[in-house]
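K.L.:
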Amino acid sequence: EVALKVQIMAGFDKKLANWLARHGRNLSPIQKKTLYFVNRRYMQTH
Numbered sequence: 001e002v003a004l005k006v007q008i009m010a011g012f013d014k015k016l017a018n019w020l021a022r023h024g025r026n027l028s029p030i031q032k033k034t035l036y037f038v039n040r041r042y043m044q045t046h
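The C-terminal residue of the sequence shown carries number 46 in our numbering, and the numbering is unbroken.
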């Protein structure tokens with residue numbers, strides 16, 4: 001259960017990193033951190 005969640009989070013982080021690489025040029029580092037944080041929170045509650 002936990003291992004699965006970690007795998008999903010890792011995969012999700014990769015997707016997010018890929019997305020940020022493409023679209024994140026106009027985002028500040030703080031906005032990127034916020035994105036990661038919000039997405040982590042979202043993954044934990046769903």
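We put the beta carbon where it would ideally sit given N, CA and C, even for glycine. All values derive from a computational prediction rather than experimental measurement.
1) Suppose you measure from the CA of Pro29 to the CA of Lys14; what does that come to, to the nearest Å?
2) Keeping to the same chain, check which residues put their C-beta closer than 7 angstroms to that of Gly24; ignore five residues upstream and five downstream.
3) Hey, how far is the Cα of Phe37 from the Cα of Leu27?
4) Excluding sequence positions up to five away, which residues of its chain have a Cβ less than 8 angstroms from the Cβ of Met9?
5) Quick one: what does DSSP say Leu27 is sitting in, helix, strand or coil?
P.N.:
Based on what the coordinates show:
1) Position 29 of the sequence shown holds residue 29. Position 14 of the sequence shown holds residue 14. Their backbone Cα atoms lie some 17 angstroms apart in a straight line.
2) Taking the first residue of the sequence shown as 1, we reach residue 24 at position 24. Closer than 7 angstroms at Cβ, skipping near neighbours: Lys32.
3) On the sequence shown, residue 37 is found 37 positions in, with the first residue counted as 1. On the sequence shown, residue 27 is found 27 positions in, with the first residue counted as 1. Distance between the alpha carbons of Phe37 and Leu27: 15 angstroms.
4) Looking up residue 9 in the sequence shown gives position 9. Contacts found: Arg40 and Met43.
5) Taking the first residue of the sequence shown as position 1, residue 27 is located at position 27. Correct three-state label for Leu27: coil.
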